[in-house]
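Residue numbers (the working numbering), protein chains in the order written: chain A, -12 to 481; chain B, 173 to 336.
In structure tokens:
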């Protein structure tokens, strides 16, 4: 594995690719730090830029954006009490009080260090878990894949919102959108409404960009845009005593592992991880009453877990081709764009790209910490860019991105269509993630179902009797049961 | 009782979708002789949506309290007139986006973008802080910049329209 990683590092260590990672991390941090802009948006806008690049270069840029985007949220979380991204919500709980006490620099040191090491550990875990898991998955046939997809979809549906029904409905709607165009296997055109442009179905990128970027712009359009208050920064005192630092080591380790685990689970990522890790840190702390008043432990828990979720979320993407959250769905779009088929064959056939991704992640992680320590002033200044100027420009870039996929206006139309759908779903509190995952996984589900039925000559029995498939289907039933039980308990106790 | 209606609407929309999907999949022929054809999964999904959304409809009519407990809904209910104002703004933005996309085809990317950006920025900002000249300048610079960067560096051939 080390040789492969060295090869990966070699392939990434060219002037051009390093420059791309630098740009990616910087831009990611910018998007992460401006509230209302997210890592998903950053990747959405940059995907069209990668059209012309080779796959290692393109994916390196995206990895930089990913790490930067998740990390940048800590700046406004600490300074303005506004989480820059959902991943930094819990950082505001203790980071802002620390800044109020004049310890903003200290909070930054805790947050950046926790982000860096949390990210690093999760990247190492990713490198250790993904390749063997991919090899195991190579043995999987249609029965197993069908079961895994069903399991992922139900898990996503039950985890990503309050209501499991809304989650499943969203996933089902995603599958319906995924069925538009030629059916797998026999290429029968479905739901095309006579549009030739729909024969190949909706393209993934307009769907993703529409649902996650355009819908957000529409949501912001509801209000006259508020501008962030200007923040004057005095000299930042970064120094933290090593002993104080080390007192957080168990908290850090626990939060990192939680972030990693939550990241691996489909449907939830850094946005959930930071809140759960924070709550746990508070619960096991000897001084829970200090949390919320500027306890460094809160910042460490939140920031280590959200960065740890990065490596976790990439595990199912790289080994199984199943994205676990919205950002990895974007990354999947990036892989497809470069003609790489995500799935267990990815590591076999394109090991160079996979190890290039690992190397890019490591470099991006270092750059993220460096930029944050050295360039804090720049990012703080960026917080005051007026959003009424920024958002329209972002929409234009979304349009360029959607257009660039196939060089046709039709995709821009579907971009807006899905933007509007996304807007109404957010308003109706129907989670978006299951829809996207349904859209991506629906065709995989159907292909494997029909292939399996061909193999078994029409019998559904092997889906239930093949051991691995059976285990995953049992887990599916179990996860639904658990969610229903928990909802029931909540209702009774509330 | 106003906030219970949201879930009712959602379930009705999903009910309609399920019926549409099911009726459309009735016309799909099997092109292969395998056990299930192109119509199988659409039908299964349609039935799934139908069953779940019917259940959801009943639940949300019967039990409006169980579904909404968070405070954001309460706030929205208080400012009812504000809600319609919000919707007008979203509607305007949405329309603007659609017009923009149509315009790209006719007058090209640069001109359409300049128009869209300026109008959208005006729409987003409050009356007191509007600075149309600045917005127009920013719009021109960004549109031209994006057009040439994507054309020449990233090879995305944005429509040039009447300027080409």
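All C-beta atoms in this analysis are idealised placements derived from N, C-alpha and C, irrespective of residue type, glycine included.
Does the distance from the C-beta atom of residue 49 of chain A to that of residue 21 of chain A stay below 7 Å? By 1-based counting over the first chain, the position of residue 49 of chain A is 62. By 1-based counting over the first chain, the position of residue 21 of chain A is 34. Contact annotation: residue 49 of chain A and residue 21 of chain A have beta-carbon atoms that are not nearer than 7 Å.
Go to residue 211 of chain B, then tell me how far its alpha helix (DSSP H) extends in each direction, as first and last residue. If you number the second chain from 1, residue 211 of chain B lands on position 39. Neither: residue 211 of chain B is in no alpha helix (DSSP H) and is coded neither H nor E.
Can the beta-carbon of residue 307 of chain B be found closer than 7 Å to that of residue 329 of chain B? Taking the second chain and counting its residues from 1, one reaches residue 307 of chain B at position 135. Taking the second chain and counting its residues from 1, one reaches residue 329 of chain B at position 157. Contact flag unset, no.
Residue 392 of chain A versus B/333, B/327 and B/334, residue with shortest Cα-Cα distance: As a first step, residue 392 of chain A must be located in the first chain, where it is residue number 405. Nearest of B/333, B/327 and B/334 to residue 392 of chain A, Cα basis: B/327.
Take residue 74 of chain A as the anchor and find which of A/456, A/102 and A/45 has the nearest alpha-carbon. In the first chain, the residue the question calls residue 74 of chain A occupies position 87. The residue with the shortest Cα to Cα distance from residue 74 of chain A is A/102.
So residue 218 of chain B and residue 186 of chain B are supposed to be a Cβ contact under 8 Å. How far apart are they, rounded? Sequence index remark: in the second chain, residue 218 of chain B carries index 46 (1-based). Sequence index remark: in the second chain, residue 186 of chain B carries index 14 (1-based). Residue 186 of chain B and residue 218 of chain B do not touch by the CB rule: their CB atoms are close to 10 Å apart, not below 8 Å.
Residue 371 of chain A in three-state terms, based on DSSP: Taking the first residue of the first chain as position 1, residue 371 of chain A is located at position 384. If DSSP states are grouped into helix, strand and coil, residue 371 of chain A belongs with coil.
Taking 7 Å as the cut-off, decide whether the C-beta atoms of residue 11 of chain A and residue 51 of chain A are in contact. Taking the first chain and counting its residues from 1, the one referred to as residue 11 of chain A is at position 24. Taking the first chain and counting its residues from 1, the one referred to as residue 51 of chain A is at position 64. Between residue 11 of chain A and residue 51 of chain A, the C-beta spacing is below 7 Å.
Pair within 7 Å by beta-carbon distance, residue 86 of chain A and residue 62 of chain A: By one-based count along the first chain, residue 86 of chain A stands at place 99. By one-based count along the first chain, residue 62 of chain A stands at place 75. Cβ distance not < 7 Å, so residue 86 of chain A and residue 62 of chain A don't count as in contact.
Can you give me the C-alpha to C-alpha distance between residue 321 of chain B and residue 39 of chain A, rounded to a whole angstrom? Within the second chain, residue 321 of chain B is the residue found at index 149, counting from 1. Within the first chain, residue 39 of chain A is the residue found at index 52, counting from 1. Between residue 321 of chain B and residue 39 of chain A, the C-alpha separation is close to 13 Å.
Buried versus exposed, by CB contacts within 10 Å (16 or more), residue 294 of chain A: Here residue 294 of chain A is taken as the residue at index 307 of the first chain, counted from 1. It is buried - the Cβ of residue 294 of chain A has at least 16 other Cβ atoms within 10 Å.
Helix, strand or coil for residue 177 of chain A? Go by DSSP, reduced to three states. Taking the first residue of the first chain as 1, we reach residue 177 of chain A at position 190. Secondary structure at residue 177 of chain A: strand, using DSSP grouped into helix, strand and coil.
Helix, strand or coil at residue 47 of chain A [DSSP, three-state]: The residue given as residue 47 of chain A occupies position 60 in the first chain. Note: residue 47 of chain A maps to helix in three-state DSSP.
Residue 239 of chain B by DSSP, collapsed to three states: which one? The residue labelled residue 239 of chain B in the question sits at position 67 within the second chain. A caution first: residue 239 of chain B carries a pLDDT of 46, below 50, which makes its placement in the model unreliable, though a value can still be read off. The answer is helix: DSSP assigns residue 239 of chain B an H, G or I state.
Any C-beta of chain A under 7 Å from that of residue 226 of chain B: Taking the second chain and counting its residues from 1, one reaches residue 226 of chain B at position 54. No, no contact with chain A.
What distance in whole Å lies between the Cβ atoms of residue -1 of chain A and residue 356 of chain A, which are believed to be in contact at a cut-off of 8 Å? Reading the first chain from its first residue, position 369 is the one you call residue 356 of chain A. Reading the first chain from its first residue, position 12 is the one you call residue -1 of chain A. That pair is no contact at about 18 Å.
By Cβ distance below 7 Å, which residues in the same chain neighbour residue 248 of chain B in space, the five residues on each side in sequence not counted? On the second chain, position 76 is the one that residue 248 of chain B refers to. Interpretation of residue 248 of chain B is limited by its pLDDT of 45, a score under 50 that renders its predicted location unreliable; no figure is taken from the coordinates.
Among the residues of its own chain, which have a CB less than 6 Å from the CB of residue 178 of chain B, if the five just before and after it don't count? Here the question's residue 178 of chain B lines up with position 6 in the second chain. Answer for residue 178 of chain B: no residue qualifies.
Any chain A beta carbon closer than 7 Å to residue 244 of chain B: Counting from one through the second chain, the residue named residue 244 of chain B turns up at place 72. Note that residue 244 of chain B scores 45 on pLDDT, short of 50, meaning its location in the model is unreliable; the coordinates nonetheless yield the value given after this. Not closer than 7 Å to any Cβ of chain A, the Cβ of residue 244 of chain B fails to qualify, so no.
CB residue 178 of chain A to CB residue 194 of chain A, shorter than 7 Å? As a first step, residue 178 of chain A must be located in the first chain, where it is residue number 191. As a first step, residue 194 of chain A must be located in the first chain, where it is residue number 207. In this structure, residue 178 of chain A keeps its C-beta atom at 7 Å or more from the C-beta atom of residue 194 of chain A.
With the cut-off set at 7 Å, would you say residue 300 of chain A and residue 260 of chain A are in Cβ contact? Here residue 300 of chain A is taken as the residue at index 313 of the first chain, counted from 1. Here residue 260 of chain A is taken as the residue at index 273 of the first chain, counted from 1. Not closer than 7 Å, so no.
What are the residues of the stretch 274 to 289 of chain B that lie near chain A, defined by any Cβ-Cβ distance shorter than 9 Å? Residues 274, 276, 277, 281, 285, 288 and 289.
I need the boundaries of the alpha helix (DSSP H) containing residue 134 of chain A, first residue and last residue. Indexing the first chain from 1 puts residue 134 of chain A at position 147. Counting along the chain, the unbroken alpha helix (DSSP H) around residue 134 of chain A starts and ends at 129 to 146.
Please list the terminal residues of the continuous alpha helix (DSSP H) segment that includes residue 326 of chain B. Here the question's residue 326 of chain B lines up with position 154 in the second chain. If you look at residue 326 of chain B, you'll find it isn't in any alpha helix (DSSP H); DSSP assigns it neither H nor E.
For the stretch 20 to 40 of chain A, enumerate the residues whose C-beta is nearer than 8 Å to any C-beta of chain B, in chain order. Flagged, chain order: 35, 36, 38 and 39.
Quick check on DSSP: helix, strand or coil for residue 242 of chain A? Translated into positions along the first chain, residue 242 of chain A becomes position 255. If DSSP states are grouped into helix, strand and coil, residue 242 of chain A belongs with the helices.
Contacting residues, own chain, Cβ-Cβ under 6 Å from residue 242 of chain A (five flanking each side not counted): Against the first chain, residue 242 of chain A aligns to sequence position 255. Answer for residue 242 of chain A: 264, 288, 291 and 292, listed in chain order.
Straight-line CA distance for residue 133 of chain A to residue 253 of chain A? Translated into the one-based positions of the first chain, residue 133 of chain A becomes position 146. Translated into the one-based positions of the first chain, residue 253 of chain A becomes position 266. Those two C-alpha atoms are separated by around 15 Å.
Taking the alpha-carbon positions, what's the residue 322 of chain A to residue 42 of chain A distance? Here residue 322 of chain A refers to the residue found at position 335 when the first chain is read from its first residue. Here residue 42 of chain A refers to the residue found at position 55 when the first chain is read from its first residue. C-alpha of residue 322 of chain A to C-alpha of residue 42 of chain A: approximately 8 Å in a straight line.
Over the uninterrupted alpha helix (DSSP H) stretch that includes residue 357 of chain A, give me the two end residues. Taking the first chain and counting its residues from 1, the one referred to as residue 357 of chain A is at position 370. Here the alpha helix (DSSP H) through residue 357 of chain A covers 338 to 361.
Could you tell me whether any Cβ in chain A is nearer than 7 Å to the Cβ of residue 314 of chain B? Against the second chain, residue 314 of chain B aligns to sequence position 142. So yes, residue 314 of chain B belongs to the interface.
Let me see if you follow: with CB-CB separation under 7 Å, is residue 344 of chain A close to chain B or not? Translated into positions along the first chain, residue 344 of chain A becomes position 357. The beta carbon of residue 344 of chain A sits no closer than 7 Å to any beta carbon of chain B.
According to DSSP, simplified to helix, strand and coil, what is residue 188 of chain A? By 1-based counting over the first chain, the position of residue 188 of chain A is 201. If DSSP states are grouped into helix, strand and coil, residue 188 of chain A belongs with coil.
Can you list the beta strand (DSSP E) stretches of 3 or more residues lying completely in the stretch 271 to 341 of chain A, in chain order? At a cut-off of 3 residues, not a single continuous stretch assigned as beta strand (DSSP E) sits fully inside the stretch 271 to 341 of chain A.
What's the C-alpha gap between residue 333 of chain A and residue 127 of chain A? In the first chain, counting from the first residue as 1, residue 333 of chain A sits at position 346. In the first chain, counting from the first residue as 1, residue 127 of chain A sits at position 140. If you take the alpha carbons of residue 333 of chain A and residue 127 of chain A, they lie about 14 Å apart.
Less than 7 Å between CB atoms is the rule here; does residue 54 of chain A satisfy it with respect to chain B? Numbered from 1 along the first chain, position 67 holds the residue referred to as residue 54 of chain A. Closer than 7 Å: no.
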